[in-house]
Amino acid sequence: MLELMAKLSTVAKAALQGEFGDHPALVSDLSIGRATKREFGDVQISAAMALGKKLGRPPRDLAALMLKSVAADELVARAEVAGPGFVNVWFKDQVIVDAATSLELRPIGRGQTVVIDYSSPNVAKPMHIGHIRSTIIGEALKRVLRALSYQVIADNHLGDWGTQFGKLIVAYKRWLDTDAFAKAPVEELLRIYIKYTQEEKREAGEEIAEDEATKSAPPILQEARRELVKLQAGDAKNVALWKTFIEVSMAEFARIYARLDVSFDVTLGESFYNDRLAATVALLQEKGIAVESEGAIAVFFSKERDGEELPPFLVRKGDGGFNYGTSDVAAVLYRVEHWSAGRILIVVDERQQLHFKQLFATARRLGVTASLEHVWFGLMRLPEGVIRTRDGEGLIYLDDFLDEAERRAEKVATEHNPALSETERREVARVVGLGAVRYNDLSKDRRTMITFTWDKALSLTGNTAPYLQYAYARMRSILRKASAEDYAPGPIAREVLSPVERDLLTRLLWYPDAVEQVARTACPHILCDYLFDLASAMSTFYAEHPVLKAEPEIRSSRLTLIDRVAQVLSDGLGLLGIGVLERM
RNA sequence: GCGCCCAUAGCUCAGCUGGAUAGAGCGUCGGCCUCCGGAGCCGAAGGCCACAGGUUCGAUUCCUGUUGGGCGCACCA
């Protein structure tokens, strides 16, 4: 459809240029898009209204001018001027049929490298439902961009460095239960981390009670800072502990990623950039971008230079230590230099918008020209409030969540299809449960805040992944039966195309547009919407149109139609990381 | 105090770079299994698109303000 629209746009523009010559108003492309309603054709040109004033002619006159050329084009069956100046266009059936038969994604990303930074969990903390959005959105973007021939580097930017490790080392030395650690290491680390947090809070409370004025850091925090300094100085024992924390966490992450069918090309956590931090700060100072302030080193921004006023961005602390701003600058530079990334997507929740504005402004001053995008998403919260790992409140572990998703899917599968074998049922539970979880996150605009409830997150009816998977399974079922009867699919016969079938074919043609929109906007919900519409049209179709019992010519045509729709559905779901099933 | 984000049906959400009569799902009510899978299909009810201005041929969409909510604002990440 994109190619068809481009041709039409050229024809319509030529018609206007024939009348107005190279008028400045005609430099950019004409506004053309999908018809807002089916009775308005396949596509509509809405350029006349905008051009009316600039060209000094009533929009309907301009539309009439375009209509002449457009209607005469070989692709077009019919066209009309409508409303204030729309040109509604219907393509010839054969044009639609041909386009649907040769449908494929365009390799618009060829030769361009995109780095996607996503998931990025903190080491030594278990993955809970709050971590799932970045992981699932990032993975979908990776697949979509790859499908469009972009060279994609999926980078898991682990939180494996920083002050939390000082605290964790203190907690480890004081409270670790070695048996529990041997059995479930990450859970045990969380337990002692929570204990640490409580202890720090308690000591801070005492401090306030004694003397508000000379309040200083609680002793345990001072101890944690000492341990951190030792770790950063390369103290053998603390480094060994730190490595252990990473090791046990990585094993856990690997298991969950396998379960989620998520994979990365590289896992370069914050610690990877450690030995570049000093040089990065030095570079910033050298170029006069960062300056000393109150003992620390920071970047200052102004409206004139950076487009907007921002608070200062700290790249070195007063005690000489570095913070995550520093490693983020180093990461941007590394990605640009090492991979020649032209675009960097960082999938992190909305709370860090200010941080990334500062980071990107700093990178721009360093001469980075790559497109830097903070792909932010709305916070996931519980009805009771925000999820806080530190206090261990309201934590729902990802494993438990996925288990429950599978349990519910299995229950439904058993009710609806008792004929499934044990292994099939388990596979159905896995694919449907995981699909429901993914689709629930991806189908909303990523910027929408999600308040987690089990029933909403794991719904299996209506606009959900199981609905799409079900439509697919139904189509496969028909195709299997056809094959068993030796009914071969044939060319789509435009002579016998019903309006519903033509509509279905036309919807098929918008698939590449939906995928490219996701790539442009980093908003996967656009693809979800598209696929739901497609499946919905398909469901309507097979409820009303017999396939196997139709006349042979119609039957073979419909078999091909079903096959094409099933293919797009399965491909599209695959881009979202959602699987399909032959039976469910 | 400053800044970012959000406000659309009872609930959860779409609404494509401004376009014609604002759409889905859930829930509610009513139909559809002698017919390819009822996780489905068809239909009904349900809206001052938070409020007030502005921009223009046209605003749910863009701008300003107000109200209500979420979040952030140098030595945590």
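Under the working numbering, the final residue of the first sequence carries the number 1256; numbering is consecutive throughout.
Note that CB positions come from ideal geometry on N, CA and C, so glycine has one too.
None of these values were measured; they are calculated from a predicted model.
Determine the closest residue to residue i out of the options, with distance taken between C-alpha atoms.
i, options, result
"VAL1264", "TRP914, SER1242, GLY1050", "With the chain covering 673 to 1256 only, the question about residue 1264 has no answer from this structure."
"GLN716", "LEU688, TRP762, ALA697, THR1061", "TRP762"
"ALA994", "SER943, ARG1015, LEU982", "The sequence shown places Phe at residue 994, not Ala. Among SER943, ARG1015, LEU982, the Cα nearest to that of PHE994 is on SER943."
"SER791", "VAL759, LEU737, LEU1220, ALA826", "ALA826"
"ALA1042", "THR939, LEU861, VAL786", "VAL786"
"VAL842", "ARG710, TYR1144, GLU871, LEU1017", "GLU871"
"LEU820", "HIS800, GLU811, TRP847, GLU776", "GLU776"
"GLU675", "VAL987, ARG977, ILE704", "ILE704"
"LYS1128", "LEU848, THR1120, ALA1108", "ALA1108"
"GLU924", "LYS679, VAL858, TRP833, ASP1205", "VAL858"
"THR1138", "ILE1068, LYS1116, VAL1252", "Looking at the sequence itself, residue 1138 is Pro, so the reference to Thr does not match. Considering only alpha carbons, the answer is VAL1252."
"ALA720", "LEU734, ALA1194, GLU711", "LEU734"
"VAL1047", "LYS959, ALA1191, VAL1104, THR835", "ALA1191"
"TYR868", "VAL769, TYR844, ALA1091, LYS855", "TYR844"
"THR952", "ARG931, ASP933, ALA896, LEU1038", "LEU1038"
"LEU1169", "VAL748, GLY1134, PHE758, LEU1233", "LEU1233"
"PRO1163", "SER1229, GLN1239, ASP1117", "SER1229"
"GLY838", "ARG805, PRO798, GLN904, ALA876", "GLN904"
"VAL1040", "MET1147, ARG1060, SER1012, ALA1143", "SER1012"
"ALA771", "ASP937, ARG1179, THR1193, TYR1111", "ARG1179"
"LEU1206", "ARG898, PRO1196, LEU956, ALA1186", "ALA1186"
"ALA954", "ILE969, HIS1217, TRP847", "ILE969"
"CYS1200", "ILE1068, ALA707, ALA812", "ALA812"
"ALA641", "ALA856, ASP851, ARG846", "In this structure the chain extends from 673 to 1256, so residue 641 is not present and cannot be described."
What's the C-alpha gap between residue i and residue j?
i, j, result
"VAL795", "GLU1056", "26 Å"
"TYR865", "ILE918", "15 Å"
"SER741", "LYS725", "22 Å"
"VAL637", "GLU746", "Residue 637 is absent from the structure shown; the chain starts at 673 and stops at 1256."
"PRO730", "LEU1130", "53 Å"
"LYS764", "SER718", "20 Å"
"PHE692", "LEU723", "11 Å"
"ARG1036", "LEU986", "16 Å"
"ILE788", "GLY1014", "11 Å"
"SER1208", "TYR1214", "10 Å"
"GLU1045", "LYS1029", "9 Å"
"GLY690", "GLY728", "15 Å"
"ARG1166", "GLY713", "17 Å"
"GLN766", "GLU981", "57 Å"
"ALA1003", "THR1125", "36 Å"
"ALA1145", "SER1211", "11 Å"
"GLY990", "LEU1181", "59 Å"
"VAL824", "TYR996", "24 Å"
"ARG1110", "ILE892", "41 Å"
"SER681", "ARG710", "20 Å"
"GLY1249", "ALA908", "42 Å"
"HIS695", "ALA684", "14 Å"
"PHE1073", "ARG815", "24 Å"
"ASN1112", "CYS1195", "14 Å"
"GLY992", "ILE961", "18 Å"
"ALA697", "ALA930", "54 Å"
What does DSSP give as the partner residue(s) for residue i in the beta ladder?
i, result
"MET964", "A quick correction: the sequence has Glu, not Met, at residue 964. Per DSSP, ILE969."
"GLY877", "None, per the DSSP bridge assignment."
"PHE917", "Paired residue(s): none; PHE917 is not in a bridge."
"GLN823", "THR785"
"ASP1235", "In the DSSP output, where bridge partners are listed per residue, ASP1235 has none listed."
"LEU986", "ALA970"
"ARG750", "TRP762"
"ILE1016", "VAL787, LEU1044"
Assuming residue i and residue j make a contact with CB atoms under 8 Å, what is their CB distance in whole Å?
i, j, result
"LEU1231", "TYR1159", "6 Å"
"PRO1184", "ARG818", "The Cβ separation is near 15 Å, so there is no contact."
"LEU1114", "ILE928", "So it is not a contact: roughly 18 Å between Cβ atoms."
"LEU1106", "ALA1077", "7 Å"
"THR998", "LEU900", "The Cβ separation is near 15 Å, so there is no contact."
"LEU1176", "VAL1237", "7 Å"
"THR939", "LEU830", "6 Å"
"LEU1203", "LEU1245", "7 Å"
"LYS934", "LEU956", "Sequence check: residue 934 is Val here, not Lys. About 34 Å separates the two Cβ atoms, so there is no contact after all."
"ASP1243", "PRO1161", "That pair is no contact at about 18 Å."
"LEU1031", "VAL1001", "7 Å"
Examine the ligand GTP and report whether any of its heavy atoms sits within less than 8 Å of the Cβ of residue i.
i, result
"LEU820", "As far as ligands go, the structure on display features none, and thus does not contain the ligand GTP."
| request: Write down every uninterrupted run of the alpha helix (DSSP H) in the region 764-796 whose length is 4 residues or greater and which is fully enclosed by it, in chain order. | output: Counting whole runs of 4 or more residues, the region 764-796 contains the alpha helix (DSSP H) stretches 765-773.
| Which runs of the alpha helix (DSSP H) fall wholly inside the region 1066-1131 and span at least 4 residues, in chain order? | 1070-1088, 1094-1114, 1126-1129
| What are the start and end residues of each continuous beta strand (DSSP E) run of 3 or more residues lying completely inside the region 690-720, in chain order? | Counting only runs of 3 or more, we get 704-706, 715-717.
| message | For a minimum of 4 consecutive residues, which ranges assigned as the alpha helix (DSSP H) are wholly contained in the region 1018-1061? | response | Listed in chain order, the complete alpha helix (DSSP H) runs (minimum 4 residues) inside the region 1018-1061 are 1025-1037.
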